[in-house]
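Numbering follows this note's numbering, in which position 1 of the sequence shown is assigned residue number 77; successive positions increment by one, without gaps.
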Amino acid sequence: MPDLSKVPVTIITGFLGAGKTTLISHLIRNAGGRRLAVVVNEFGTLGVDGDILKSCAIPDCPAENVVELANGCICCTVADDFIPTVEKLLALEPRPDHILIETSGLALPKPLLKAFDWPAIRSRITVDGVLALADAEAVAEGRFAPDLAALEAQRAADPEIDHETPLSEVFEDQLACADMVLLTKADLAGAEGLARAREVISAEAPRPVPVIELSEGVVDPRVILGLGAAAEDDIAARPSHHDGEDDHEHEDFDSAVIELGEIADPAALTARIETLASDHRVLRVKGYVAVAGKPMRMLVQAVGARVRSHYDRPWRPDEARLTSLVAIAEHDHLDPAAIRAVLQG
């Protein structure tokens, strides 16, 4: 007999570097017997998150169950990319028990949520829940919660200034669509930072939602999977800045892939990436580094001036030992030539 039950889907959203891939890696390793499938959406042409997750593959979530949609916003390419991908996953034998969707940091969750009403899939899957990840340290510092009084004073002095920046709109739309907010990197924020982040989220969210604190992506899967939200049925309760628009574009953001040769000094490269954040307003840098004399490939993940790196695996014989980094910034601040010059030193 065919299985007519709907497959639950968890949408995992959150701003750049909030820890979505780290969370999904933890869920893969702690699936509790569930057969998982994962859809990863990257912003930019260099896929990093998909490779990370495939390296975590286990029998209940083999590498072929991890599908990467690169170089396109999943919420803008529903018909061309998302629907066929979901149909492919539902055709797997055995069929997945649960599907995880990692959106890009720039994606708006509501257009994706609307896709679950498409005739081809609406009787076969349901949105178990929308999880919005938020970097507790960043939120506590007010990066996405503008001081409205100060901004109104600026507007009075200069009517061209708008209090809604592209980044704040994305952040607020993600919160507005969420069934649960996960405050990540709680260990870095500290008790005072976490309290402040909770205040910000409470003020920004249009309705009360549970807020959970976690570090290094570690959380009991029973807490965040199996919510049974059926979020596709209450879309009207999830307001968005873009309600009423037929579509949206991400012209506010852009990315550039910078390819270099082998790097002699990883510490110097880290300092240069920090410079990109402080002097060139680069939001995110991630990719792979070929370090001279090292047989292992180095994975770099940077959010602003916070840079993390580790050696993830040996270079394969058929791979060119090249350094490939993708930089993401707001459109008007992305200068590929300047970024390359900084990275080259």
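In this text, a Cβ means the ideal position worked out from N, Cα and C, and glycines have one as well.
A quick note: this is a predicted structure, and the numbers were derived from the prediction, not measured.
Reduced DSSP category for residue i - H, G, I as helix; E, B as strand; rest coil
| i | result |
| --- | --- |
| Ser-331 | strand |
| Lys-82 | coil |
| Ala-405 | strand |
| Ala-208 | strand |
| Pro-390 | strand |
| Arg-382 | strand |
| Lys-370 | coil |
| Glu-169 | coil |
| Ser-354 | helix |
| Ser-400 | strand |
| Gly-266 | helix |
| Glu-178 | strand |
| Ile-415 | helix |
| Ile-201 | strand |
| Lys-362 | strand |
| Leu-189 | helix |
| Ala-271 | helix |
| Ala-340 | coil |
| Leu-103 | helix |
| Leu-258 | strand |
| Ala-94 | coil |
| Leu-112 | strand |
| Leu-251 | helix |
| Leu-410 | coil |
| Leu-345 | helix |
Residue i and residue j closer than 8 Å at C-beta
| i | j | result |
| --- | --- | --- |
| Lys-186 | Arg-314 | yes |
| His-409 | Arg-348 | no |
| Glu-178 | Val-114 | yes |
| Lys-164 | Ala-212 | no |
| His-102 | Val-257 | no |
| Leu-166 | Arg-200 | yes |
| Leu-92 | Arg-360 | yes |
| Ile-288 | Leu-251 | no |
| Asn-106 | Pro-286 | no |
| Glu-292 | Thr-98 | yes |
| Val-206 | Ile-87 | yes |
| Glu-338 | Ser-400 | no |
| Leu-112 | Pro-172 | yes |
| His-317 | Asp-255 | no |
| Ala-366 | Ala-340 | no |
Per-residue burial, residue i [other beta carbons within 10 Å of its own, 16 or more giving buried]
| i | result |
| --- | --- |
| Val-299 | exposed |
| His-174 | buried |
| Leu-398 | exposed |
| Arg-389 | exposed |
| Leu-168 | exposed |
| Ala-208 | buried |
| Ser-180 | buried |
| Glu-228 | Note that Glu-228 scores 40 on pLDDT, short of 50, meaning its location in the model is unreliable and no value can be drawn from it. |
| Val-333 | exposed |
| Arg-283 | exposed |
| Asp-355 | exposed |
| Ser-81 | exposed |
| Glu-268 | exposed |
| Ala-343 | exposed |
| Ala-396 | exposed |
| Asp-310 | exposed |
| Gln-420 | exposed |
Beta-carbon separation (whole angstroms), residue i vs residue j, contact threshold 8 Å
| i | j | result |
| --- | --- | --- |
| Gly-363 | Val-402 | 5 Å |
| Ala-305 | Asp-204 | 6 Å |
| Ala-210 | Ala-265 | Not quite, the Cβ-Cβ distance comes to about 10 Å (not below 8 Å), so this is no contact. |
| Ile-415 | Leu-352 | 6 Å |
| Val-246 | Leu-184 | 7 Å |
| Thr-161 | Glu-308 | The pair is not a contact, with the Cβ atoms about 17 Å apart (cut-off 8 Å). |
Near the ligand GDP: residue i beta-carbon under 7 Å from a heavy atom
| i | result |
| --- | --- |
| Leu-112 | In terms of ligand content, the structure shown is empty, and the ligand GDP therefore cannot be addressed. |
Fill in: Length at least 3, wholly inside the region 276 to 322: the beta strand (DSSP E) runs in chain order
287 to 289
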